[in-house]
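Colleague:
2 protein chains.
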Amino acid sequence: MTLLVAGSVGLDTVETPHGSTEEELGGSAVYFAFAAAHFSPVRLVAVVGRDFPPGCLERLGRQPIDLAGLRQVEGATFRWHGVYEGRMAQARTLDVQMNVLGTCPPDLPAGYADSRYVFLANGPPAGQMQVLAQLEEPTFVMADTMNYYIENERDALLEIVGRVDAMIMNDAEALQLSGRPNLLAAARWVCRRGPAYCVIKKGEHGALLRGPEGAFVLPGFPHEGVVDPTGAGDAFAGGLMGHLAGRDDLAPQTMKFALAYGTVAASFAIEQFGPKGLEDLTARDVEARLAEFIGSTHLFTQ
Amino acid sequence: MTLLVAGSVGLDTVETPHGSTEEELGGSAVYFAFAAAHFSPVRLVAVVGRDFPPGCLERLGRQPIDLAGLRQVEGATFRWHGVYEGRMAQARTLDVQMNVLGTCPPDLPAGYADSRYVFLANGPPAGQMQVLAQLEEPTFVMADTMNYYIENERDALLEIVGRVDAMIMNDAEALQLSGRPNLLAAARWVCRRGPAYCVIKKGEHGALLRGPEGAFVLPGFPHEGVVDPTGAGDAFAGGLMGHLAGRDDLAPQTMKFALAYGTVAASFAIEQFGPKGLEDLTARDVEARLAEFIGSTHLFTQ
Numbered sequence: 002m003t004l005l006v007a008g009s010v011g012l013d014t015v016e017t018p019h020g021s022t023e024e025e026l027g028g029s030a031v032y033f034a035f036a037a038a039h040f041s042p043v044r045l046v047a048v049v050g051r052d053f054p055p056g057c058l059e060r061l062g063r064q065p066i067d068l069a070g071l072r073q074v075e076g077a078t079f080r081w082h083g084v085y086e087g088r089m090a091q092a093r094t095l096d097v098q099m100n101v102l103g104t105c106p107p108d109l110p111a112g113y114a115d116s117r118y119v120f121l122a123n124g125p126p127a128g129q130m131q132v133l134a135q136l137e138e139p140t141f142v143m144a145d146t147m148n149y150y151i152e153n154e155r156d157a158l159l160e161i162v163g164r165v166d167a168m169i170m171n172d173a174e175a176l177q178l179s180g181r182p183n184l185l186a187a188a189r190w191v192c193r194r195g196p197a198y199c200v201i202k203k204g205e206h207g208a209l210l211r212g213p214e215g216a217f218v219l220p221g222f223p224h225e226g227v228v229d230p231t232g233a234g235d236a237f238a239g240g241l242m243g244h245l246a247g248r249d250d251l252a253p254q255t256m257k258f259a260l261a262y263g264t265v266a267a268s269f270a271i272e273q274f275g276p277k278g279l280e281d282l283t284a285r286d287v288e289a290r291l292a293e294f295i296g297s298t299h300l301f302t303q
Numbered sequence: 002m003t004l005l006v007a008g009s010v011g012l013d014t015v016e017t018p019h020g021s022t023e024e025e026l027g028g029s030a031v032y033f034a035f036a037a038a039h040f041s042p043v044r045l046v047a048v049v050g051r052d053f054p055p056g057c058l059e060r061l062g063r064q065p066i067d068l069a070g071l072r073q074v075e076g077a078t079f080r081w082h083g084v085y086e087g088r089m090a091q092a093r094t095l096d097v098q099m100n101v102l103g104t105c106p107p108d109l110p111a112g113y114a115d116s117r118y119v120f121l122a123n124g125p126p127a128g129q130m131q132v133l134a135q136l137e138e139p140t141f142v143m144a145d146t147m148n149y150y151i152e153n154e155r156d157a158l159l160e161i162v163g164r165v166d167a168m169i170m171n172d173a174e175a176l177q178l179s180g181r182p183n184l185l186a187a188a189r190w191v192c193r194r195g196p197a198y199c200v201i202k203k204g205e206h207g208a209l210l211r212g213p214e215g216a217f218v219l220p221g222f223p224h225e226g227v228v229d230p231t232g233a234g235d236a237f238a239g240g241l242m243g244h245l246a247g248r249d250d251l252a253p254q255t256m257k258f259a260l261a262y263g264t265v266a267a268s269f270a271i272e273q274f275g276p277k278g279l280e281d282l283t284a285r286d287v288e289a290r291l292a293e294f295i296g297s298t299h300l301f302t303q
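Those protein sequences? They're chains A and B, same order as listed. Just so you know, we're using our numbering here: the first sequence kicks off at 2 and counts up by one. Just so you know, we're using our numbering here: the second sequence kicks off at 2 and counts up by one.
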């Protein structure tokens with residue numbers, strides 16, 4: 002089933018205790034698309050500048066990722082420079098250059114309006130709303146957000162919350178948005194404002210899903226080989242939405258496995274700098290990692 | 002199979018956002034014993050003062066807890082006063098009165114030397130070593146510790162590490178003891194120093210077990226009704242060790258379920274002030290909670 006992501010495509014410079022990378026292909030839509038493409042073809046909506054390297058376009062084009070919605074406009078591509086230290090729980094941003102990101106309204110190409118599964122990556126609520134307005138009859142829309150919009154664009158963000166089928170955010174953001182003291186209460190708070198589902202990402206500690214059937218929790222994949230956490234959250238969303246779109250199903254059991262495939266996708270994303278850990282995977286790699294995850298987190302293996 | 006705990010019995014005064022309790026029965030050996038007693042009879046080794054309330058003795062005596070090792074000596078009972086704020090992730094200690102705790106060597110009563118499963122609750126390594134020295138041929142000894150001994154009695158603590166079958170500690174302590182940047186590496190570091198198993202407690206995020214078969218991780222029980230986190234870690238150890246002693250088995254599958262029963266025990270402990278949440282449980286309550294835990298954290302329920 003059609004799966005669309007609207008988000009950022011950029012060039013990342015990242016330092017971690019394990020090394021560094023410069024002007025690497027990055028951005029929320031990139032990590033999402035590389036993860037989701039293992040489960041379903043992806044339509045990518047984003048904007049880059051004239052300086053966007055042809056090699057990066059080729060990397061995206063090698064996957065089942067439709068680039069009709071990737072507009073290249075006058076100006077420079079979005080750039081982010083961050084550093085992870087110590088336990089790498091959080092990035093410290095050294096520099097952000099928005100450049101063309103945010104200067105262009107997120108216009109969907111003709112033919113994308115019929116997209117059925119849609120991920121609104123973290124970004125200004127107004128832009129997320131613009132994408133929503135161009136969709137005809139989506140089956141399942143999930144939106145991400147971050148502390149900046151929770152603090153500075155709360156009303157517009159709550160309008161998004163009221164319009165989508167699922168919100169996804171990290172633990173600190175869920176507590177901040179809801180003002181609740183624990184994650185289950187925060188997820189319930191979010192669901193009361195509209196979405197049937199709320200997904201809370203807990204980094205190395207896994208993720209929590211709240212839906213009509215109650216709460217479901219998975220631990221993170223036990224991983225010693227974390228090289229670069231950049232994009233883990235978007236890869237998680239990509240695995241999750243990719244599985245839903247691939248199955249075209251929202252049954253409780255499908256949602257649970259979607260959470261597991263998100264976990265698996267994130268576990269690959271963090272093994273290498275940039276999205277490389279996601280690019281060369283086979284379906285067999287994904288299934289083997291899922292089996293490994295189940296073996297190390299489940300009391301029985303079916 | 003015989004299960005012994007050597008630890009503290011005291012009187013706790015605790016404040017949380019949900020209320021408070023004064024001079025409530027507490028201490029590591031109490032929470033451990035109340036949890037473990039649902040799986041196996043428990044031998045409790047600890048010391049209290051002349052002021053220890055008879056009502057507390059009666060509460061312990063109502064369970065299959067052998068109190069021959071609970072010595073009552075001249076002086077006052079150990080007291081702790083702590084407060085949990087906000088998300089209740091950590092207690093702030095307002096007052097500690099050691100009193101008789103630590104003044105008496107942990108002597109095992111005649112007949113306890115044959116104990117097969119043994120929990121050395123958090124305490125001075127010298128005291129833990131004294132208990133170890135009195136054991137004839139234990140099958141499985143697990144020791145807990147804390148930041149104070151990691152900082153101030155590192156050598157003595159590492160001797161304990163080298164003598165037991167399992168270490169258990171919380172995440173911050175594991176990182177501190179090992180100097181490693183992540184929990185899997187920390188657990189591996191601990192196991193290299195002797196114990197076949199290392200258990201790392203992650204509070205609301207669950208627990209990690211490392212053993213000869215590799216790593217196994219369970220999330221915490223998804224719980225909105227946390228009233229008082231006091232004793233959760235000792236209740237966890239009690240459920241874990243109780244299951245092992247009850248089964249008298251260390252097979253990988255038994256270890257995994259032990260981690261799950263520890264999680265279940267902790268989930269009951271935090272629902273009420275003091276150990277009350279553990280006292281009135283039936284075996285049916287425990288199994289129902291385990292089924293609920295599996296249902297909300299496993300992709301399939303067997």
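For glycine and all other residues, C-beta sits at the position ideal for the given N, C-alpha and C. Predicted model, so just to flag it, every value in this text is computed and none were measured.
Any idea what DSSP makes of A:R1, helix, strand or coil?
Modeller: The first residue shown for chain A is 2 and the last is 303, placing residue 1 of chain A beyond what the model contains.
Colleague: Which of helix, strand or coil does DSSP assign to A:Q98?
Modeller: Position 97 of the first sequence holds residue 98 of chain A. DSSP places A:Q98 in strand when its eight states are reduced to three.
Colleague: Under 9 Å Cβ-Cβ, which residues of chain A neighbour B:V191?
Modeller: As a first step, residue 191 of chain B must be located in the second sequence, where it is residue number 190. Under the 9 Å cutoff, chain A gives no residues; its nearest Cβ is about 14 Å from B:V191.
Colleague: What residues match up with B:W81 in a beta bridge as DSSP calls it?
Modeller: Sequence index remark: in the second sequence, residue 81 of chain B carries index 80 (1-based). Assignment of beta-bridge partners to B:W81 by DSSP yields B:D13, B:V97.
Colleague: Helix or strand or just coil, what does DSSP make of B:F40?
Modeller: Numbered from its first residue, the second sequence carries residue 40 of chain B at position 39. Shown here, B:F40 sits in coil according to DSSP, grouped into three states, outside any helix or strand.
Colleague: I need the straight-line Cα distance from B:R285 to B:F294, nearest angstrom please.
Modeller: What you label residue 285 of chain B is simply residue 284 of the second sequence in a count that begins at 1. What you label residue 294 of chain B is simply residue 293 of the second sequence in a count that begins at 1. Taking the straight line from one Cα to the other gives about 14 Å.
Colleague: What are the residues that DSSP puts in a beta bridge with A:F120?
Modeller: Along the first sequence, one-based indexing puts residue 120 of chain A at 119. Bridge partners of A:F120: A:V6, A:M143.
Colleague: From A:Y118 to A:M242, what distance separates their C-alpha atoms?
Modeller: Your numbering for residue 118 of chain A matches position 117 in the first sequence. Your numbering for residue 242 of chain A matches position 241 in the first sequence. Here the alpha carbons of A:M242 and A:Y118 stand approximately 7 Å from one another.
Colleague: I'd like to know if A:F237 contacts chain B, where contact means its C-beta is closer than 9 Å to some C-beta of that chain.
Modeller: Locating residue 237 of chain A in the first sequence gives position 236, where the first residue counts as 1. No - not a single Cβ of chain B is within 9 Å of the one on A:F237.
Colleague: Are there 16 or more other CB atoms within 10 angstroms of the CB of B:P223, so buried, or fewer, so exposed?
Modeller: Here residue 223 of chain B refers to the residue found at position 222 of the second sequence. Classification of B:P223: buried, given that the 10 Å Cβ count is 16 or more.
Colleague: Give, in chain order, every unbroken run of the alpha helix (DSSP H) that is at least 4 residues long and sits entirely within the region 269–303 of chain B.
Modeller: The region 269–303 of chain B contains these whole alpha helix (DSSP H) runs: 277–280, 284–298.
Colleague: On the three-state DSSP scale, how would you describe B:N183?
Modeller: Taking the second sequence and counting its residues from 1, the one referred to as residue 183 of chain B is at position 182. In this structure, B:N183 counts as coil in the three-state DSSP scheme.
Colleague: Could you name the residues of chain A that B:E225 contacts, counting a contact when the two beta carbons are closer than 7 Å?
Modeller: Within the second sequence, residue 225 of chain B is the residue found at index 224, counting from 1. Within 7 Å Cβ-Cβ: N183, L185, A186.
Colleague: Taking a contact to mean a Cβ-Cβ separation below 9 Å, would you say A:H244 touches B:L300 in this structure?
Modeller: If you number the first sequence from 1, residue 244 of chain A lands on position 243. If you number the second sequence from 1, residue 300 of chain B lands on position 299. It is not a contact, given that the beta carbons lie outside the stated cut-off.
Colleague: Can you have a look at B:Q303 and say buried or exposed, based on whether 16 or more other CB atoms are within 10 angstroms of its CB?
Modeller: Residue 303 of chain B sits at position 302 when you count from the first residue of the second sequence. Taking all protein chains shown into account, B:Q303 has fewer than 16 neighbouring C-beta atoms within 10 Å of its C-beta and is therefore exposed.
Colleague: For A:L176, which residues in the same chain have their Cβ closer than 6 Å to its Cβ, ignoring the five residues on either side in sequence?
Modeller: The residue labelled residue 176 of chain A in the question sits at position 175 within the first sequence. Within the same chain, and ignoring the five residues on either side of A:L176 in sequence, the residues whose Cβ sits closer than 6 Å to its Cβ are A187.
Colleague: Answer yes or no: does any C-beta atom of chain B fall closer than 9 Å to that of A:P65?
Modeller: One-based indexing of the first sequence puts residue 65 of chain A at position 64. Put simply, the CB of A:P65 is far from chain B, with every gap to its CB atoms at 9 Å or more.
Colleague: Buried or exposed: which applies to A:T3, given that a residue is buried once 16 or more other Cβ atoms fall within 10 Å of its Cβ?
Modeller: As a first step, residue 3 of chain A is located in the first sequence; it is residue number 2 there, counting from the start. By the 10 Å Cβ count, A:T3 comes out buried.
Colleague: When the cut-off is 9 Å and only beta carbons count, does A:I295 lie next to chain B?
Modeller: Counting from one through the first sequence, the residue named residue 295 of chain A turns up at place 294. By this cut-off, A:I295 is an interface position.
Colleague: If we define contact as Cβ-Cβ less than 9 Å, is B:A331 a contact residue for chain A?
Modeller: With chain B covering only 2 through 303, there is no way to say anything about residue 331 of chain B.
Colleague: Please tell me whether A:V31 and A:V132 are closer than 9 Å, where the distance is taken between their beta carbons.
Modeller: For the purposes of this step, residue 31 of chain A is taken as residue 30 along the first sequence, with counting starting at 1. For the purposes of this step, residue 132 of chain A is taken as residue 131 along the first sequence, with counting starting at 1. For A:V31 and A:V132, no; Cβs fall outside 9 Å.
Colleague: Does DSSP classify A:D235 as helix, strand or coil?
Modeller: As a position in the first sequence, residue 235 of chain A is number 234, starting the count at 1. Helix.
Colleague: Looking only at its own chain, which residues have a Cβ that is under 7 Å from the Cβ of A:C105, when we skip the five neighbours before and after it?
Modeller: Counting from 1 along the first sequence, the entry for residue 105 of chain A is found at position 104. Around A:C105: V48, R72, V74.
Colleague: Which bits of chain B does A:Q303 rub up against, with CB to CB less than 9 Å?
Modeller: Taking the first residue of the first sequence as 1, we reach residue 303 of chain A at position 302. Here the neighbours are L300, F301, Q303.
Colleague: So with Cβ pairs under 9 Å, would you call B:P213 a contact of chain A?
Modeller: On the second sequence, position 212 is the one that residue 213 of chain B refers to. So no, B:P213 is outside the interface.
Colleague: Could you check the C-alpha separation between A:A292 and B:V97 for me, to the nearest Å?
Modeller: Your numbering for residue 292 of chain A matches position 291 in the first sequence. Your numbering for residue 97 of chain B matches position 96 in the second sequence. One C-alpha to the other measures close to 48 Å.
Colleague: Between A:Y113 and A:M130, what straight-line distance do the alpha-carbon atoms span, to the nearest angstrom?
Modeller: As a working mapping, residue 113 of chain A is identified with position 112 in the first sequence. As a working mapping, residue 130 of chain A is identified with position 129 in the first sequence. Their backbone Cα atoms lie some 16 Å apart in a straight line.
Colleague: Could you list the residues in the region 15–31 of chain A with a C-beta less than 7 Å from some C-beta on chain B, going in chain order?
Modeller: none
Colleague: Tell me whether B:M89 sits in a helix, a strand or coil according to DSSP, three-state version.
Modeller: Residue mapping note: residue 89 of chain B aligns to position 88 of the second sequence, counting from 1. Coil, per DSSP.
Colleague: Give the DSSP-derived three-state secondary structure of B:R248 in the structure shown.
Modeller: The count along the second sequence starts at 1 and reaches residue 248 of chain B at position 247. In this structure, DSSP gives B:R248 a helical state, which the three-state scheme calls helix.
Colleague: Anything in chain A within Cβ reach of B:L209, meaning under 9 Å, just list it in chain order.
Modeller: On the second sequence, residue 209 of chain B is found 208 positions in, with the first residue counted as 1. The contacting residues are P220, P223.
Colleague: Would you please state the rounded distance, in angstroms, between the beta carbons of A:L158 and A:Y150? I believe it to be under 8 Å.
Modeller: As a first step, residue 158 of chain A must be located in the first sequence, where it is residue number 157. As a first step, residue 150 of chain A must be located in the first sequence, where it is residue number 149. Indeed they touch by this definition, with Cβ atoms about 5 Å apart.
Colleague: Output needed for B:A197: all residues of its chain with C-beta closer than 8 Å, excluding positions within five of it in sequence on either side, in chain order.
Modeller: Against the second sequence, residue 197 of chain B aligns to sequence position 196. Here the set comprises D166, A167, G212, P213.
Colleague: Using a threshold of 9 Å, state whether the C-beta atoms of B:A7 and B:G124 are closer than that.
Modeller: Against the second sequence, residue 7 of chain B aligns to sequence position 6. Against the second sequence, residue 124 of chain B aligns to sequence position 123. Yes, Cβ-Cβ distance for B:A7 and B:G124 is below 9 Å.
Colleague: Are there 16 or more other CB atoms within 10 angstroms of the CB of A:H1, so buried, or fewer, so exposed?
Modeller: This structure gives no information on residue 1 of chain A, because the portion of chain A shown stretches from 2 to 303.
Colleague: For B:Q73, does the three-state DSSP call read helix, strand or coil?
Modeller: Within the second sequence, the letter at position 72 stands for residue 73 of chain B. The DSSP-derived three-state label of B:Q73 is strand.
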